[in-house]
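A.B. asks: In full-length UniProt numbering, the protein residues as written are 1 to 169.
#1: For residue 25, is the beta carbon positioned less than 7 Å from some heavy atom of the ligand FAD?
#2: Within this structure, are the beta carbons of residue 14 and residue 69 separated by less than 8 Å?
#3: Between which two residues does the alpha helix (DSSP H) harbouring residue 63 extend?
#4: Do three or more CB pairs link the segment 36–46 to the segment 72–82 at distances below 8 Å?
#5: Using three-state DSSP, classify residue 44 as helix, strand or coil.
#6: Where does residue 24 land, buried or exposed, given buried means 16+ other C-beta within 10 angstroms?
#7: Distance check for residue 21 and residue 62, CA to CA, integer angstroms please.
#8: Identify, in the order they occur along the chain, each residue of the same chain with its Cβ nearer than 6 Å to the Cβ of residue 242, setting aside the five sequence neighbours on each side.
#9: Start and end of the alpha helix (DSSP H) containing residue 14?
#10: If you count every other CB in all the chains shown that lies within 10 Å of the CB of residue 16, and 16 or more means buried, which is it?
#11: What is the DSSP secondary structure of residue 75, counted as helix, strand or coil?
#12: Output the distance between the C-alpha atoms of residue 27 and residue 33, rounded to the nearest integer angstrom.
#13: Can you give me the C-alpha to C-alpha distance between residue 54 and residue 12, rounded to a whole angstrom?
#14: Express the C-alpha separation of residue 3 and residue 72 in angstroms, rounding to a whole number.
#15: Helix, strand or coil for residue 4? Go by DSSP, reduced to three states.
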């Protein structure tokens, strides 16, 4: 990234830079994630006196950084999500999630939902009746078409139940 100013190293980074090389040379087959774990354990086991020179060096680097970049302000940079492949999306849609499908009563409420049920909202029509949200149990791995058929069957069944209830009232 052109023009990007890196943050100054903290004490752990100053210390681990040299230690990482040593550990990697001693254990060439060790993965970087395992090396990082080992470095973390070693750093925590050091005494304050052993850590002090690295804190001093980190402070010196911080001061130099502040002088070189007086207007610097750290900003987090979030990665842009890459769009998923359609196969992945279909599999995700077909998987069972709690409340990923919502049922409504008497068509008096319209359910608006996306991939996240927590963002679900309802809009009431004229008659204010309670809304019953229930998870629909669809086995994982159902093809999308079968899932949609299952949804339609559930909706028809619910409408029939509601019509029967109204006949008794």
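Backbone N, C-alpha and C fix where the C-beta goes; we use that ideal spot for every residue, glycine too.
Quick caveat: nothing in here was measured; it's all calculated off a predicted structure.
C.D. replies: With the structure as the only source:
#1: Among the components of this structure there are no ligands whatsoever, and the ligand FAD is therefore not found.
#2: Sequence index remark: in the chain shown, residue 14 carries index 14 (1-based). Sequence index remark: in the chain shown, residue 69 carries index 69 (1-based). Not closer than 8 Å, so no.
#3: Position 63 of the chain shown, counting from 1, holds the residue named residue 63. Segment 48–68, the alpha helix (DSSP H) holding residue 63.
#4: Between the segment 36–46 and the segment 72–82, the count of Cβ pairs shorter than 8 Å is below three; the stretches do not touch.
#5: Indexing the chain shown from 1 puts residue 44 at position 44. Helix at residue 44.
#6: The count along the chain shown starts at 1 and reaches residue 24 at position 24. Burial call: exposed.
#7: Locating residue 62 in the chain shown gives position 62, counting from the first residue. Locating residue 21 in the chain shown gives position 21, counting from the first residue. Rounded to whole angstroms, residue 62 to residue 21 spans 23 Å at the Cα level.
#8: Since the first residue of the chain shown is 1 and the last is 169, residue 242 is not available in this structure.
#9: As a first step, residue 14 is located in the chain shown; it is residue number 14 there, counting from the start. Run containing residue 14: 11–26, per the alpha helix (DSSP H) assignment.
#10: If you number the chain shown from 1, residue 16 lands on position 16. Residue 16 sits buried, since 16 or more C-beta atoms from the chains shown fall within 10 Å of its C-beta.
#11: Start at 1 with the first residue of the chain shown, and residue 75 comes out as number 75. The answer is coil: DSSP assigns residue 75 none of H, G, I, E or B.
#12: Looking up residue 27 in the chain shown gives position 27. Looking up residue 33 in the chain shown gives position 33. For residue 27 and residue 33, the distance between alpha carbons rounds to 13 Å.
#13: Here residue 54 corresponds to residue number 54 of the chain shown, with the count starting at 1. Here residue 12 corresponds to residue number 12 of the chain shown, with the count starting at 1. The alpha-carbon separation between residue 54 and residue 12 amounts to approximately 7 Å.
#14: Taking the chain shown and counting its residues from 1, one reaches residue 72 at position 72. Taking the chain shown and counting its residues from 1, one reaches residue 3 at position 3. If I take the Cα positions, the gap works out to 12 Å.
#15: For the purposes of this step, residue 4 is taken as the residue at position 4 of the chain shown. In the structure shown, residue 4 falls within a coil segment according to DSSP collapsed to helix, strand and coil.
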